[in-house]
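Just so you know, the protein sequences line up as chains A and B, in that order.
The first sequence begins at 1 in the working numbering and counts up by one.
The second sequence begins at 1001 in the working numbering and counts up by one.
For glycine and all other residues, C-beta sits at the position ideal for the given N, C-alpha and C.
Protein chains: 2
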Amino acid sequence: MDSRLLSGTVEMLILEVLARGDSYGYQIAQTVLGESAGYFQLKEGSLYPALHRLQRQKLLKAYWIEADTSEGGRRRKYYKLTPKGKAALKSKREEWARFAAGVSGVLGQGHVVA
Amino acid sequence: MDSRLLSGTVEMLILEVLARGDSYGYQIAQTVLGESAGYFQLKEGSLYPALHRLQRQKLLKAYWIEADTSEGGRRRKYYKLTPKGKAALKSKREEWARFAAGVSGVLGQGHVVA
DNA sequence: ACACAATACCTAGAGAGCCTATGCTTTTAT
DNA sequence: ATAAAAGCATAGGCTCTCTAGGTATTGTGT
Chain A
1 MDSRLLSGTV
11 EMLILEVLAR
21 GDSYGYQIAQ
31 TVLGESAGYF
41 QLKEGSLYPA
51 LHRLQRQKLL
61 KAYWIEADTS
71 EGGRRRKYYK
81 LTPKGKAALK
91 SKREEWARFA
101 AGVSGVLGQG
111 HVVA
Chain B
1001 MDSRLLSGTV
1011 EMLILEVLAR
1021 GDSYGYQIAQ
1031 TVLGESAGYF
1041 QLKEGSLYPA
1051 LHRLQRQKLL
1061 KAYWIEADTS
1071 EGGRRRKYYK
1081 LTPKGKAALK
1091 SKREEWARFA
1101 AGVSGVLGQG
1111 HVVA
């Protein structure tokens, strides 16, 4: 995977996953990995800063879930899309569509992506 | 245009334009602008460094053309794709296809881009 | 029992790439 | 004459990804 291509899309991918239900960092990465047929291997050094960025922009809200088995248990930080986040996802998807259409135009193959 | 999306693609777009014939910086930008329906406005601060980068990687060769009208004339620095550059373009197009397919996979709309 | 991988979070610093701003020259249009 | 367009180039700022390191818990194999 060329990580330079990834630059603008990480946030959109995160928002997209969260639009289908609350999730936490590690699981978001796994979901993206699976749905991209193993292509997008979101690294921790990109994933967590991106989540914090989105949270600062009020596109996400976070809440901790401490225990999951008996006592102690693994702590997970779940993220939830805000209304503002939903709007941002819509906007990013549109931007992506324009971008992909632009590339297709230059590559001159007539493919259109929505 | 979201310039973050552009990151990995500038070089591919340049190579693509040059694959159809020698050109110079300013004209390459105009061509890309036209073929992307006005979407990609390659800025000078991205364009020229990219051309120099590609040249350092031996993907392009450059030659100056000094005069074009009567005397004096505008100087233009033409770029020509090397065989290595042609191979790089092929590779970048394939990478782009994988990337776009990955995004489509996550966006879950079944669109495929080649 | 013990080591190791997987799960789960975080951050600092390096490296790369795009943009704004600036500077220079020549040609064309007003 | 004056401004805009054509044409090239670079410095510095900003942002983003990655590597590498750190912490802690849980499951697995020997």
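Per DSSP, the beta bridge partners of B:R1076 are B:I1065. The three-state secondary structure of A:S91, taken from DSSP, is helix.
With respect to B:E1035, A:V106 sits close: the two C-beta atoms are nearer than 9 Å.
Not a single C-beta of chain A is nearer than 9 Å to the C-beta of B:Y1024. Leaving aside the five residues that flank B:M1001 on each side, the residues in its chain whose CB is nearer than 8 Å to its CB run, in chain order, Y1039, F1040, Q1041.
Beta-bridge partners assigned by DSSP to B:L1060: B:L1081.
For A:T9, the closest Cβ of chain B is nearer than 9 Å. The CB of A:E95 comes closer than 9 Å to the CB of M1001, D1002, L1005 in chain B, given here in chain order. When only Cα atoms are considered, A:R76 and B:A1062 end up about 55 Å apart. When rounded, the separation of the alpha-carbon atoms in A:R4 and A:G45 is 14 Å. A:S104 sits in a helix when the DSSP states are folded into three classes. Between the beta-carbon of B:A1050 and that of B:I1014 there is about 6 Å, and that keeps the pair under the 8 Å contact cut.
Considering only beta carbons, the part of the region 30–58 of chain A lying closer than 7 Å to chain B consists of V32, E35, S36, A37, Y39, F40, in chain order. Scanning its chain for C-beta atoms nearer than 7 Å, with the 5 sequence neighbours on each side dropped, one finds around B:K1086 the residues A1019, in chain order. Against chain A, the CB of B:E1016 has a partner CB under 9 Å away; the residue lies at that interface. Excluding residues up to 5 positions away in sequence, K1061, A1062, Y1079 lie with their Cβ nearer than 8 Å to the Cβ of B:Q1055 in the same chain. By the 16-neighbour rule on beta-carbons within 10 angstroms, A:K90 is exposed. Taking CB atoms only, B:L1081 has no neighbour in chain A less than 9 Å away.
Contact check for A:K84 and A:K43: beta-carbon distance about 26 Å, past the 8 Å limit, so the pair fails to qualify.
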